[in-house]
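For reference, the structure discussed in these notes is given below.
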Amino acid sequence: EAGVTQFPSHSVIEKGQTVTLRCDPISGHDNLYWYRRVMGKEIKFLLHFVKESKQDESGMPNNRFLAERTGGTYSTLKVQPAELEDSGVYFCASSQEGRQGLYEQYFGPGTRLTVT
Amino acid sequence: GENVEQHPSTLSVQEGDSAVIKCTYSDSASNYFPWYKQELGKGPQLIIDIRSNVGEKKDQRIAVTLNKTAKHFSLHITETQPEDSAVYFCAASSYSSASKIIFGSGTRLSIRP
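As you go down the protein sequences, you meet chains A and B in turn.
According to the working numbering, the first sequence is numbered sequentially starting from -6.
According to the working numbering, the second sequence is numbered sequentially starting from 2.
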């Protein structure tokens, strides 16, 4: 079974440019999450999709970030325009109810975003 | 708001010795505490978890303890090996819902040969 995949693995852009990150969850997982780790700090929650609907977007930092999950499969996270403080590693995770009602989240390898 | 504190931020132990990482959480509603290991170039990988109705759980060389009253939980790795070198994250969540995970700031564990 393929795990969570993310593309690209690394992106370097200039301040003011636009970047789109992509996440493909594990097949059949309705729940998809975006997290990010900035400057060696904790991994912080950004938002949660259930299928194509945004369940919780309380962690989105501002309106320069736009996440979509059309059709309830893969998801994109667009940053427009990018700022220096957006640099970090963006993780995607997916989950589905498993045994004993446990929603284990499986993480992708992350996209390292560098804004110069 | 919800918060998870993790200590230490870096830890270096001699191969074969034990390593202990400690965390505290603030949200009384949290009832699920996963631990993740992140190796270079990879995403966080679940290594062990514990629920609030259990005080201790062990899986080979790894054990986790939970003190729900004090809101403390910790990870113990015994007989450490070079492959244990990684960044470890504690976290808190709710196991009965597909809710977000609140992570600690991470501990970089280095095993000295």
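Glycine included, C-beta positions come from ideal geometry on N, C-alpha and C.
Measuring alpha carbon to alpha carbon, tell me which of the options ends up nearest residue i.
i	options	result
C91 (chain B)	B:G42, B:H77 and B:S13	B:H77
S86 (chain B)	B:A64, B:I48, B:Q39 and B:P45	B:Q39
G56 (chain B)	B:K69, B:I49 and B:Q46	B:K69
L95 (chain A)	B:I103, B:F104, B:S95 and B:I102	B:S95
I102 (chain B)	B:S31, B:I22, B:N54 and B:A20	B:S31
V88 (chain B)	B:I48, B:E80 and B:N54	B:I48
L39 (chain A)	A:S2, A:D79 and A:T109	A:D79
R62 (chain B)	B:A99, B:S100 and B:T79	B:T79
Q46 (chain B)	A:T107, A:R57, A:E97 and A:Y67	A:E97
D60 (chain B)	B:F104, B:N54, B:W36 and B:S53	B:W36
V21 (chain B)	B:S100, B:H73 and B:A99	B:H73
N56 (chain A)	A:Y67, A:D49, A:V72 and A:H41	A:V72
Measuring only from the beta carbon, is residue i closer than 7 Å to any heavy atom that is part of the ligand COA?
i	result
Q73 (chain A)	This structure lacks the ligand COA; in fact it carries no ligand of any kind.
Once the 5 residues before and after residue i are set aside, which same chain residues still bring their CB inside 7 Å of it?
i	result
H22 (chain A)	S87, S88 and Q89
S13 (chain B)	S111 and R113
L106 (chain A)	S4, V12, D79, S80, G81 and Y83
F0 (chain A)	R15
F104 (chain B)	V5, F90 and A92
Are residue i and residue j touching if we call contact CB-CB under 8 Å?
i	j	result
T108 (chain B)	T11 (chain B)	yes
P54 (chain A)	T11 (chain A)	no
Q7 (chain B)	S106 (chain B)	yes
V43 (chain A)	P18 (chain A)	no
T109 (chain A)	K47 (chain A)	no
G44 (chain B)	G103 (chain A)	yes
C85 (chain A)	G101 (chain A)	yes
With DSSP collapsed to three states, give me the class of residue i.
i	result
E80 (chain B)	coil
T70 (chain B)	coil
G64 (chain A)	helix
E78 (chain A)	helix
D60 (chain B)	strand
D85 (chain B)	helix
Y33 (chain B)	strand
L95 (chain A)	coil
E6 (chain B)	strand
By Cβ distance below 6 Å, which residues in the same chain neighbour residue i in space, the five residues on each side in sequence not counted?
i	result
D28 (chain B)	E3
T66 (chain B)	E57 and S75
T69 (chain A)	T13, R15 and E61
V53 (chain B)	Rather than Val, the amino acid found at residue 53 (chain B) in this sequence is Ser. Contacts found: N32 and K69.
R30 (chain A)	I36, G81 and V82
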